[in-house]
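A.B. asks: Attaching a single structure in structure tokens format; questions to follow.
Chains as they are written, first to last, in this note's numbering: chain U, 821 to 1158; chain F, 10 to 224.
Take a look at the structure:
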């Protein structure tokens, strides 16, 4: 072959004749089949799409939430209502409550009183229409040794018969609604922002699912819908709002919004209402008569990961003499087997 | 020969591409079954529902406290075993006397520091006799349950009273069964690593003898 290539080329023949050898054909054919296969495999999930999975023209042309006129918003709310009806066969009331004037929401959590019973976790799941499978939960309750805040060695899978376990304490973690939110800074499409009342919200129709915000959050407060959220029949909370708990599609981020659809009309968040110990406190920090104002003024307050400079609106606080668990801790007591 | 090969090979390749596009055996991600959450896990009812009226039920009958106690004088209180109300177990720390809380003559009221009655419907004032800091926190809202609205001006707000969480005769908050934890299907079953008291800086006595950690 090497000799042949050096032979003078006859006039009239192309300078590089096509390689018609069996070897060359198989090599090119192999590349072609690999490419075709990859292309086909990449396109094949499209065949499994249901008609409602594809965005309608209205979806596609919808503006960013902040650029919508009231008429645009009404159309978007009606569209969401129709989507939920088609997909989940439920009539919901879609609202978009605006932020209240002179209100900045702040959360307080008494870690001297929390017993780690996880009722807040499940009340939140129910209230906010979170996916049951794959499971999404906004609140994570960490179990730690008393006397230390060692988040790294904490355990959120604890499953003892009863809580609190002796020598343990519990720290529920959820979105801290930071005043300096790293998740908002990293969003490449401005699908998440901070509202005037301090809540960090997501426009689920604008999110592209890049998960940068999940990586940026130091509290692991943001969750991604890896699959179509599964909501059992009859379990959908019909009181939904555009920015908080309307059923989410696959492939977008979601997060705790302090139950915006409840709190912006004066009600307390679901996690607080269910807490049997009264460890959770919520209110308007700008109101000098509010519970949270009193807590920030008079209580010893702990800010989780204060050093990262996120300025959270979620404060852990302590009581003067610690908690009164049913079993007083003491070094002489034998270890609980659980 | 060459011509025939150049025909059937592209046809075979296109057919194979078509098979892949049809995707007869699609890969479907495995999803775990949803965790069964019991109804009590989302029930906002307080842990105790005190009757709220001074009444005592025995043998199917319900009496007002003063039905008996207006007639039968209470003996001077000693450490003796109770002969009535034997179901009451008083485990309230140093507070081991009935008349520290119950009024000596009007049994349908509590007693304040000066021997005057406190109405039955107002137990926080009674508890505040000893639990000053907690009473102050409860009044300000940093202790105790609140339901309804976060601002009394914007809706009804229910402040739960002491005895809706604490049994006055055994006051510490009762241990509860925890609701199901997070599903760890994706990462496989997780063993919670309980290192026991070794990580507890408050329990130096339980630490095994070892060198101080270098970090």
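Ideal Cβ placement from N, Cα and C applies to all residues, glycine included.
Using beta carbons (cut-off 8 Å, strictly below), is residue 135 of chain F in contact with chain U?
C.D. replies: No, no contact with chain U.
A.B. asks: Applying a beta-carbon distance threshold of less than 8 Å, which residues of chain U neighbour residue 174 of chain F?
C.D. replies: What residue 174 of chain F touches in chain U: 1096, 1097, 1098.
A.B. asks: Would you please state the rounded distance, in angstroms, between the beta carbons of residue 1051 of chain U and residue 951 of chain U? I believe it to be under 8 Å.
C.D. replies: Right, the Cβ-Cβ distance comes to about 7 Å (below 8 Å), so this counts as a contact.
A.B. asks: Which residue's Cα is closest to the Cα of residue 874 of chain U: U/1070, U/1134, U/1077?
C.D. replies: Here the closest residue by C-alpha is U/1070.
A.B. asks: Would residue 154 of chain F and residue 134 of chain F qualify as a contact pair, given that the criterion is a beta-carbon distance under 8 Å?
C.D. replies: Going by C-beta atoms, residue 154 of chain F is not nearer than 8 Å to residue 134 of chain F.
A.B. asks: With a threshold of 6 Å on Cβ separation, who are the neighbours of residue 885 of chain U within its own chain once the five nearest residues in sequence on each side are excluded?
C.D. replies: For residue 885 of chain U, where only same-chain residues beyond five positions count, the Cβ hits under 6 Å are 1023.
A.B. asks: Please classify residue 990 of chain U: does DSSP put it in a helix, a strand, or coil?
C.D. replies: Strand at residue 990 of chain U.
A.B. asks: Hey, how far is the Cα of residue 1127 of chain U from the Cα of residue 852 of chain U?
C.D. replies: In a straight line, the C-alpha of residue 1127 of chain U is about 55 Å away from that of residue 852 of chain U.
A.B. asks: Cα separation between residue 157 of chain F and residue 958 of chain U?
C.D. replies: About 22 Å.
A.B. asks: Would you list, in chain order, the members of the region 921 to 941 of chain U that have their beta-carbon closer than 8 Å to a beta-carbon of chain F?
C.D. replies: Taking 8 Å as the Cβ-Cβ cut-off against chain F, the residues of the region 921 to 941 of chain U that qualify are 928, 930, 933, 935, 936, 937, 938, 939, 941.
A.B. asks: May I ask which residues mark the beginning and end of the alpha helix (DSSP H) holding residue 850 of chain U?
C.D. replies: Taken as a continuous stretch (DSSP letters only), the alpha helix (DSSP H) holding residue 850 of chain U covers 842 to 863.
A.B. asks: Report the rounded CA-to-CA distance for residue 126 of chain F versus residue 1130 of chain U, giving the unit in angstroms.
C.D. replies: So the two alpha carbons sit approximately 52 Å from each other.
A.B. asks: If you draw a straight line from the C-alpha of residue 1064 of chain U to the C-alpha of residue 1078 of chain U, how long is it?
C.D. replies: Rounded to the nearest angstrom, the two C-alpha atoms are 9 Å apart.
A.B. asks: Under 8 Å between C-beta atoms, does residue 1015 of chain U make it to chain F?
C.D. replies: With 8 Å as the cut-off, residue 1015 of chain U does not count as an interface residue toward chain F.
A.B. asks: Around the Cβ of residue 97 of chain F, are there at least 16 other Cβ atoms within 10 angstroms (buried) or fewer (exposed)?
C.D. replies: When all chains shown are included, residue 97 of chain F counts as exposed.
A.B. asks: Residue 164 of chain F touches chain U at which residues, Cβ-Cβ below 7 Å?
C.D. replies: Going along chain U in sequence order, the residues near residue 164 of chain F (Cβ under 7 Å) are 1086, 1087.
A.B. asks: Curious, which full-length beta strand (DSSP E) runs of at least 3 residues does the region 86 to 131 of chain F contain?
C.D. replies: For the region 86 to 131 of chain F, whole beta strand (DSSP E) runs of length 3 or above, ordered along the chain, are 118 to 120, 126 to 128.
A.B. asks: Between the Cα of residue 954 of chain U and those of U/1111, U/1047, U/1122, spot the shortest distance and give me the residue it belongs to.
C.D. replies: Residue U/1047 is the option with its Cα nearest to residue 954 of chain U.
A.B. asks: Looking at C-beta atoms only, is the number of pairs between the region 901 to 916 of chain U and the region 934 to 943 of chain U that lie closer than 8 Å three or more?
C.D. replies: Not touching, per the Cβ criterion.
A.B. asks: Using a Cβ-Cβ distance under 8 Å, would residue 1122 of chain U count as near chain F?
C.D. replies: Closer than 8 Å: no.
A.B. asks: DSSP three-state call for residue 1102 of chain U: helix, strand or coil?
C.D. replies: Strand at residue 1102 of chain U.
A.B. asks: Would you call the region 988 to 995 of chain U and the region 1009 to 1017 of chain U in contact, with 3 or more CB pairs under 8 Å?
C.D. replies: No, the region 988 to 995 of chain U does not touch the region 1009 to 1017 of chain U.
A.B. asks: Might you give, ordered along the chain, the residues of its own chain that have their beta carbon closer than 7 Å to the beta carbon of residue 893 of chain U, omitting 5 neighbours on each side?
C.D. replies: Excluding sequence neighbours, residue 893 of chain U sits near 916.
A.B. asks: At what residues does the beta strand (DSSP E) containing residue 966 of chain U begin and finish?
C.D. replies: Taken as a continuous stretch (DSSP letters only), residue 966 of chain U belongs to no beta strand (DSSP E), as it is neither H nor E.
A.B. asks: Under DSSP, the alpha helix (DSSP H) around residue 1083 of chain U begins and ends at which residues?
C.D. replies: Run containing residue 1083 of chain U: 1080 to 1083, per the alpha helix (DSSP H) assignment.
A.B. asks: For residue 189 of chain F, I'd like the list of residues in its chain whose CB is within less than 7 Å of its CB, leaving aside the five on either flank, ordered along the chain.
C.D. replies: 44, 46, listed in sequence order.
A.B. asks: Check each residue of the region 126 to 158 of chain F: if its Cβ is closer than 8 Å to any Cβ of chain U, include it; give the result in chain order.
C.D. replies: Answer in chain order: 142, 143, 146, 149, 150, 151, 152, 153, 154, 155, 156, 157, 158.
A.B. asks: Going by C-alpha to C-alpha distance, which of F/32, F/113, F/16, F/33 sits closest to residue 849 of chain U?
C.D. replies: When only C-alpha atoms are compared, the closest one is F/16.
A.B. asks: Whose CA, out of U/967, U/939, U/968, U/896, lies closest to the CA of residue 186 of chain F?
C.D. replies: The option with the nearest alpha carbon to residue 186 of chain F is U/939.
A.B. asks: Would residue 1094 of chain U and residue 1103 of chain U qualify as a contact pair, given that the criterion is a beta-carbon distance under 8 Å?
C.D. replies: Their beta carbons are not under 8 Å apart, which means residue 1094 of chain U does not touch residue 1103 of chain U by this criterion.
A.B. asks: Leaving out five residues on either side along the sequence, give the residues of the same chain with a beta carbon under 6 Å from the beta carbon of residue 1060 of chain U.
C.D. replies: Only 912, 914, 1066 meet the Cβ criterion.
A.B. asks: Would you call the CB atoms of residue 1135 of chain U and residue 927 of chain U closer than 8 Å?
C.D. replies: Closer than 8 Å, so yes.
A.B. asks: Is the beta carbon of residue 130 of chain F sitting closer than 8 Å to the one on residue 73 of chain F?
C.D. replies: Going by C-beta atoms, residue 130 of chain F is not nearer than 8 Å to residue 73 of chain F.
A.B. asks: Could you tell me which chain U residues have their CB closer than 8 Å to the CB of residue 160 of chain F, listed as they occur along the chain?
C.D. replies: Under the 8 Å cutoff, chain U gives 1086, 1103, 1104, 1107, 1110.
A.B. asks: Give me, in chain order, the residues of the same chain whose beta-carbon lies closer than 6 Å to that of residue 983 of chain U; leave out the 5 immediate sequence neighbours on both sides.
C.D. replies: Excluding sequence neighbours, residue 983 of chain U sits near 935, 936, 937.
A.B. asks: So, is the C-beta of residue 98 of chain F closer than 8 Å to a C-beta in chain U?
C.D. replies: No, residue 98 of chain F does not count as interfacial toward chain U.
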